[in-house]
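One structure is given below, encoded as structure tokens.
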Amino acid sequence: MNKRADPMLADPLKTPLQDLDVSDPRRFEQDCWQPLFKRLREESPVHFQAESPAGPFWSISRFDDIVEVEKNTEIFSSEPTIAIIDPPPERRSRMFIAMDQPEHDIQRRAVQPVVAPKNLQEFEALIRQRTAEALDALPEGETFDWVELVSRNLTTQMLATLFDFPWDIRHKLSDWSDAVTSDERMTAGQGLKQEDRLEIVMEILEVFTRLWHERVGDDVESFDLIRLLQRDENTANMVDDPMNYIGNLMLLIVGGNDTTRNSMSGGVLFLNEFPEEFARVKADRSLIPSMVSEIIRFQTPLSHMRRTVTRDTEFRGQHMKAGDKVILWYCSANRDESVIPEPETFHIDRSGVRNHAAFGFGIHRCMGNRLAEMQLRVVWEEALKRFCDIRIVEPPTRLCHNFVRGFSRMPVQVTRY
Amino acid sequence: MSVIKFIEFDGTEHEVDADVGMSIMEVAMKYDVPGIDADCGGGAVCGTCHCFIEESAGPLPGVDPQEESMLGLRPDREGNSRLSCQIQVSDSIGDMTIKLPEFQM
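Chains A and B are the protein sequences, given in the same order. Count along the first sequence from 1, then add 9; that gives the number in my numbering. Count along the second sequence from 1, then add 172; that gives the number in my numbering.
What follows is the structure, encoded as structure tokens:
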């Protein structure tokens with residue numbers, strides 16, 4: 010669905026590899042990225058590209074190579090940023106995803122309890138209730154946008170719950186999430202300019218600084234992320250270091266939002282593309298947890314992460330120099346036929362279904378992975394109780410973005426039992 | 173062949189015969205012992221096969237830096253915490269008693 014050739018895009022199989030921009034976001038928008046990455050895995054798995062809107066970079070496209078790079082944190086650093094583009098040094102916010110050990114571990118440990126499965130059990134009933142309400146409110150017999158009414162709505166509610174964010178302005182969290190990942194150099198010119206993005210970042214900082222000061226020392230028994238940072242001695246004064254505070258806020262807002270939102274939409278698409286799998290999970294809902302892992306693999310909501318080479322090194326026969334950018338293409342790893350049999354098939358109970366690359370590997374592996382899985386599981390448990398069909402009635406609109414893989418619109422109709 | 177006793181967080185016990193050469197994680201998966209996720213399949217890069225070694229007949233292999241990195245992020249780490257994918261069943265280790273954590277993440 011939604012596969013169309015764009016005459017502006019070079020043929021990924023006939024064009025010399027050195028003339029192709031691996032990071033071109035239009036291939037993701039048009040969902041025609043797969044052949045290029047298959048070619049890279051076969052012909053040039055550690056591939057250097059000299060020019061791109063983000064400058065020169067290496068592309069790592071095989072599953073096992075990505076694991077190796079992520080293990081070697083001394084040579085492949087997460088600092089100064091995990092984005093393909095470099096922010097100017099004075100605007101460099103500091104987030105633990107873009108830190109190496111030991112600072113990374115200290116900051117991550119402070120916020121990790123909020124997404125520990127023990128804490129999530131407390132949240133599950135609330136999430137289920139809110140999911141049920143959102144699904145019950147969906148119109149029947151008319152077309153609506155699943156992205157807006159389900160995916161965006163539910164993930165915004167969840168994020169507001171995790172931050173104990175003012176409920177009436179919770180929509181800001183999703184707007185902010187969209188804004189902070191938006192950059193014209195990652196979106197074929199469609200994204201925000203740096204100045205506009207900075208304005209939004211300052212707004213986030215202002216709101217969250219106010220929330221911090223309102224809560225500090227209030228002794229309210231809550232496991233929201235702000236109070237968790239305040240209670241941990243290593244992060245208790247984070248508000249005094251605004252670039253660190255804003256960095257981690259942006260990380261948690263994006264990490265807890267875009268990714269789950271787009272997997273929630275992706276699942277609907279895959280079940281429409283693979284109707285026999287839809288029939289199987291409707292007949293046997295015990296397949297839902299396994300299907301959730303397969304949805305996350307198939308969607309791979311973040312296409313890549315970046316590392317930066319700390320000293321000249323050789324990797325798989327290629328000479329990398331200190332300062333080189335290395336892009337780990339998770340989307341490609343998740344279609345690597347040497348690790349995942351028939352990777353282009355959506356197979357809800359495939360063997361080793363949890364062994365996918367979408368969460369990354371090593372110390373930076375997605376911290377909220379159990380939260381994401383739980384949210385998706387609850388959505389499908391509740392949706393399949395209510396709907397015998399969720400039919401896509403027009404091709405979805407995908408994001409023109411080389412980092413966030415997702416949808417801006419997905420027109421569907423539902424049929425209740 | 174060694175005997176491994178897995179004890180789930182709720183106290184449920186599973187005593188199984190383990191083949192030499194398999195990792196503890198693989199033994200748990202083979203016998204469908206709940207409580208180990210093993211998301212990365214055995215590479216010490218996910219931390220979701222965490223367990224506590226309560227007893228072993230012989231000495232255990234040391235913790236390498238990769239395993240240490242992943243264990244270091246576990247909120248429920250104890251002195252006997254290990255990644256079960258990093259310990260191969262062997263005649264020198266012999267029988268083991270292994271407790272499983274409340275959750276994996």
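All C-beta atoms in this analysis are idealised placements derived from N, C-alpha and C, irrespective of residue type, glycine included.
In the three-state DSSP reduction, residue 212 of chain B falls in the coil class, being neither helix nor strand. Under the three-state reduction of DSSP, residue 56 of chain A is assigned to strand. Within 10 angstroms of the beta-carbon of residue 253 of chain A lie 16 or more other beta-carbons, which makes it buried. Residue-level contact check: residue 117 of chain A touches chain B, since one or more beta carbons of chain B fall below 8 Å from its beta carbon.
With a contact defined as Cβ atoms closer than 8 Å, residue 316 of chain A and residue 124 of chain A miss out at about 24 Å. Within chain A, the residues placing a beta-carbon under 9 Å from that of residue 238 of chain B are 80 and 371, ordered along the chain. When rounded, the separation of the alpha-carbon atoms in residue 194 of chain A and residue 94 of chain A is 7 Å. Beta-bridge pairing by DSSP links residue 222 of chain B to B:255. The alpha carbon of residue 135 of chain A has as its nearest neighbour, out of A:111, A:163, A:113 and A:146, the alpha carbon of A:163. Unbroken alpha helix (DSSP H) runs of no fewer than 4 residues, entirely contained in the stretch 258-346 of chain A, are found at 267-282, 284-292, 297-308 and 339-342, following chain order. The contact set of residue 183 of chain B on chain A, defined by CB atoms closer than 8 Å, is empty, because the minimum CB distance reaches about 17 Å. Residues of chain B whose Cβ lies closer than 7 Å to the Cβ of residue 361 of chain A are, in chain order, 213. Distance from the CA of residue 207 of chain A to the CA of residue 262 of chain B, rounded to the nearest whole angstrom, comes to 58 Å. Shown here, residue 99 of chain A sits in a helix according to DSSP, grouped into three states. Of all alpha-carbon atoms in A:167, A:298, A:351 and A:89, the one lying nearest the alpha-carbon of residue 333 of chain A is that of A:89. Taking a Cβ-Cβ threshold of 8 Å, none of the residues of chain B is close to residue 310 of chain A; the smallest such distance is about 16 Å. The closest CA to that of residue 211 of chain A, considering only A:228, A:230 and A:188, is found on A:188.
Boundaries of the beta strand (DSSP E) harbouring residue 418 of chain A: 416-418, taken from the DSSP string. For the 8 Å CB-CB criterion, residue 197 of chain B and residue 218 of chain B do not form a contact. A straight line joining the alpha-carbon of residue 129 of chain A with that of residue 144 of chain A spans about 21 Å. With fewer than three CB-CB distances shorter than 8 Å, the stretch 327-347 of chain A does not count as touching the stretch 288-303 of chain A.
When DSSP reads this structure, residue 67 of chain A sits in a beta bridge with A:57 and A:335. A distance below 8 Å separates the beta carbons of residue 265 of chain A and residue 168 of chain A. Taking 8 Å as the threshold, the shortest C-beta distance from residue 236 of chain A to chain B does not fall below it.
Taking a Cβ-Cβ threshold of 8 Å, the residues of chain A close to residue 217 of chain B are 76, 79, 80, 370, 371 and 374, in chain order. Listed in chain order, the beta strand (DSSP E) runs fully inside the stretch 353-377 of chain A amount to none, counting runs of at least 3 residues. For a Cβ distance threshold of 9 Å, residue set 241, 244 and 245 of chain B lies close to residue 114 of chain A, ordered along the chain.
According to the DSSP assignment, residue 113 of chain A belongs to the alpha helix (DSSP H) that extends over 112-120.
Between residue 122 of chain A and chain B, the shortest Cβ-Cβ separation is below 8 Å. Contact with chain A is found for residue 275 of chain B, since one of that chain's Cβ atoms lies less than 8 Å from the residue's Cβ. Nearest Cα to residue 192 of chain B within the set B:231, B:238, B:266 and B:232: B:266.
One thing to note: residue 396 of chain A has its Cβ no nearer than 8 Å to the Cβ of residue 283 of chain A.
Annotation: residue 189 of chain B is outside any alpha helix (DSSP H); the continuous beta strand (DSSP E) that includes it extends over 185-190.
Only buried fits residue 245 of chain B, as 16 or more other CB atoms lie within 10 angstroms of its CB. Assignment of beta-bridge partners to residue 277 of chain B by DSSP yields no partner.
Within the same chain, and ignoring the five residues on either side of residue 413 of chain A in sequence, the residues whose Cβ sits closer than 6 Å to its Cβ are 190 and 267.
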